[in-house]
Amino acid sequence: MNVPNHSLRCIDCSSTQQPSVGDLYCAECGGLFAVEYLDAPDGTFPRLPMDDPMAVNSLGEGDTPLVLLEKTGEALGLNTLWAKLEFMAPTGSFKDRGSAVLTTMGRDLGVTEFIEDSSGNAGASLSAYAAAAGLKAHVFAPASAASGKLDQIQIFGASLHKIEGPRQAATEAAEEFVKERELVYMSHNLSPYFSEGMKAASYEIVEVLEDGIEHVVLPVGNGSLLIGMIRGYQELKEAGIISNIPKFHGVQAHAVRPVVAALNGEDWSHDDVQPTNASGIAVSKPPRLAEMVEAIKSTNGSGVTVSEESLIEWQKRLSSSEGVFAEMTSAGAFAGLEKLIESGEVERGSNVLVPITGSGLKEPLK
Ligand SMILES: Cc1ncc(COP(=O)(O)O)c(C=O)c1O
Ligand SMILES: [Zn+2]
5 MNVPNHSLRC
15 IDCSSTQQPS
25 VGDLYCAECG
35 GLFAVEYLDA
45 PDGTFPRLPM
55 DDPMAVNSLG
65 EGDTPLVLLE
75 KTGEALGLNT
85 LWAKLEFMAP
95 TGSFKDRGSA
105 VLTTMGRDLG
115 VTEFIEDSSG
125 NAGASLSAYA
135 AAAGLKAHVF
145 APASAASGKL
155 DQIQIFGASL
165 HKIEGPRQAA
175 TEAAEEFVKE
185 RELVYMSHNL
195 SPYFSEGMKA
205 ASYEIVEVLE
215 DGIEHVVLPV
225 GNGSLLIGMI
235 RGYQELKEAG
245 IISNIPKFHG
255 VQAHAVRPVV
265 AALNGEDWSH
275 DDVQPTNASG
285 IAVSKPPRLA
295 EMVEAIKSTN
305 GSGVTVSEES
315 LIEWQKRLSS
325 SEGVFAEMTS
335 AGAFAGLEKL
345 IESGEVERGS
355 NVLVPITGSG
365 LKEPLK
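If you number the sequence shown the way the working numbering does, the last residue is 370 and the count never jumps.
Structure follows, in C-alpha cells:
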C-alpha cells in the first residue's frame, strides 16, 4: 500500500489503527473497528479502502437488477414495492459485494492464506474471490448448510471444514483453528472491510430512485448488509445527493432473534436458540449487535420477527406470483414486511424496497 486513504477506528473507544485485515480487535479495549476515511464523500462513488479502485479483485459483482413487484405491492397496499435482486451476483448472494473488497484488502496487505466461518453464502463467496485473487481459504461452515453452498466452497478450491451443531459452533471451531495454525482470521463479520462493499447497493438504488424509498426491509444476521447500506446512505446524505435516509427494518426468525430482542428490550440469550430454516440469519451472538441496533435506531427503523411457516409461504408466493426464487432467509424479509404493514410501522401507500439477498437454487425445497 502507498499512503492509505483510511484508518480503522474502534467503534467503542475511538482509538485508531493502521489498515489491517488480521488485527480485528482494538488493542486498547477489544472493540471492533469501522473504516474511517481521510477524505469527504462526493456521492459519485462509494468511498472504498483500497488504493486503486480499478485494481479491485472483481468477478462482476454489483449493479444488480431493481424490479417492481407490482402484484405483491398492490396486495400489500403499498404505493410501490421494489426488489433489488442481490442474488444475481457471481456466486448467487449479496455477499459478493463484500468479498470483492475484503479479498482485495487481504491481497494488498500481503495475505496468502486465511480462515473464515460462514453459514454458507459468505463462505461460498469468499472462496470464489480467494480463487480469483490466488489466496488459500479455509472455510468453517455448519455441517447442516445447504449442499449447494457447501459444493460451491469446495469447487472453488477452499478447504471446507464442516462443523456439527448450530452456526455459532462453526465460529468457535474457526477461532480454535486460527490459534493452532497461526493463520489470518479474515472473518467477514469482524473485519470492517466486508460491509464497506455493501455501500454500493445504496448508491445503485439512489441512482435510479433518488430520494423515493421510505422503508428498506431486510434480513439481518451479523448485519453486514444493514450496516453497509446505512453507511452508503449516510455518505450520500453527507455529499448532499439525498436529503432523507429511509427507515431500515431488520427481520429475524423468531427462533434466533438477538437484534429484534435488543431493539425491543426483550431478555433473550444464545441459550434460547431454536432451529430455523432461515440459515443465513441464524446468528445467536452477533459481534456487532450494538452497532446494528444503533444503526437501525439512527434511521428510526425497527425490528420484526417472523415464523418458520411464513418463510416457506413467502418463498412460494414470490416464486409463483412474481417469478422470483429467493432463499428462505431472503423470503423472510417479505414475511417481515407484511407484519410491519399490519402493525402500522410501514404505512400503507408508502414506497418500500427489499433486497433479495440469496437464491433459492442453493437449498432444497421444504
Ligand atoms: C441469504 C442471506 N441473507 C441475509 C444474510 C444476513 O446477512 P448479514 O449477516 O450480513 O446480516 C445472510 C448471511 O449469511 C444470507 O446468507
Ligand atoms: Zn477500543
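Just so you know, even glycine gets a beta-carbon here, dropped at the ideal spot from N, CA and C. Quick caveat, the model's predicted, so the values are computed rather than measured.
Straight-line CA distance for residue i to residue j?
i           : j           : result
residue 258 : residue 56  : 43 Å
residue 387 : residue 366 : Coverage of the chain is limited to positions 5 through 370, which leaves residue 387 absent and any answer about it impossible.
residue 80  : residue 24  : 46 Å
residue 321 : residue 88  : 17 Å
residue 220 : residue 47  : 20 Å
residue 18  : residue 74  : 45 Å
residue 238 : residue 72  : 25 Å
residue 144 : residue 83  : 43 Å
residue 14  : residue 33  : 8 Å
residue 427 : residue 205 : No statement about residue 427 is possible, as the shown extent of the chain runs from 5 to 370 and does not include it.
residue 147 : residue 163 : 14 Å
residue 37  : residue 299 : 15 Å
residue 103 : residue 109 : 10 Å
residue 313 : residue 142 : 34 Å
residue 297 : residue 93  : 28 Å
residue 181 : residue 190 : 12 Å
residue 7   : residue 43  : 13 Å
residue 112 : residue 53  : 11 Å
residue 283 : residue 362 : 11 Å
residue 354 : residue 316 : 25 Å
residue 202 : residue 137 : 20 Å
residue 269 : residue 166 : 35 Å
residue 135 : residue 114 : 15 Å
residue 329 : residue 185 : 40 Å
residue 271 : residue 91  : 34 Å
Is residue i a contact residue of ligand 3, with contact defined as CB to any heavy atom under 6 Å?
i          : result
residue 62 : For ligand 3, the structure offers nothing, since it holds only ligand 1 and ligand 2.
Could you have a look at residue i and say whether DSSP puts it in helix, strand or coil?
i           : result
residue 178 : helix
residue 261 : coil
residue 355 : strand
residue 119 : strand
residue 187 : coil
residue 380 : With the chain covering 5 to 370 only, the question about residue 380 has no answer from this structure.
residue 62  : coil
residue 149 : coil
residue 288 : coil
residue 295 : helix
residue 54  : coil
residue 323 : helix
residue 243 : coil
residue 207 : helix
residue 92  : coil
residue 29  : coil
residue 105 : helix
residue 48  : coil
residue 230 : helix
residue 78  : helix
residue 281 : coil
In the DSSP output, what is residue i paired with across the bridge?
i           : result
residue 360 : According to DSSP, residue 360 bridges with nothing at all.
residue 71  : 87
residue 37  : 14
residue 256 : 309
residue 21  : 12
residue 144 : 121 and 165
residue 220 : 252 and 357
residue 330 : 363
residue 97  : 362
If we count the other Cβ atoms within 10 Å of its Cβ and call it buried at 16 or more, is residue i buried or exposed?
i           : result
residue 22  : exposed
residue 364 : buried
residue 20  : exposed
residue 343 : buried
residue 278 : exposed
residue 116 : exposed
residue 69  : exposed
residue 346 : exposed
residue 334 : buried
residue 273 : exposed
residue 157 : buried
residue 250 : buried
residue 31  : exposed
residue 242 : exposed
residue 193 : buried
residue 212 : exposed
residue 289 : exposed
residue 348 : exposed
residue 168 : exposed
Counting only C-beta atoms, is residue i closer than 7 Å to chain B at any point?
i           : result
residue 336 : Going by chain labels, chain B is absent from the structure shown, which holds only one protein chain.
Hey, which residues come within less than 6 Å of ligand 2, measuring from Cβ to any heavy atom, in chain order? Chain-ordered list of matching residues: 14, 16, 17, 19, 30, 32, 33 and 35.
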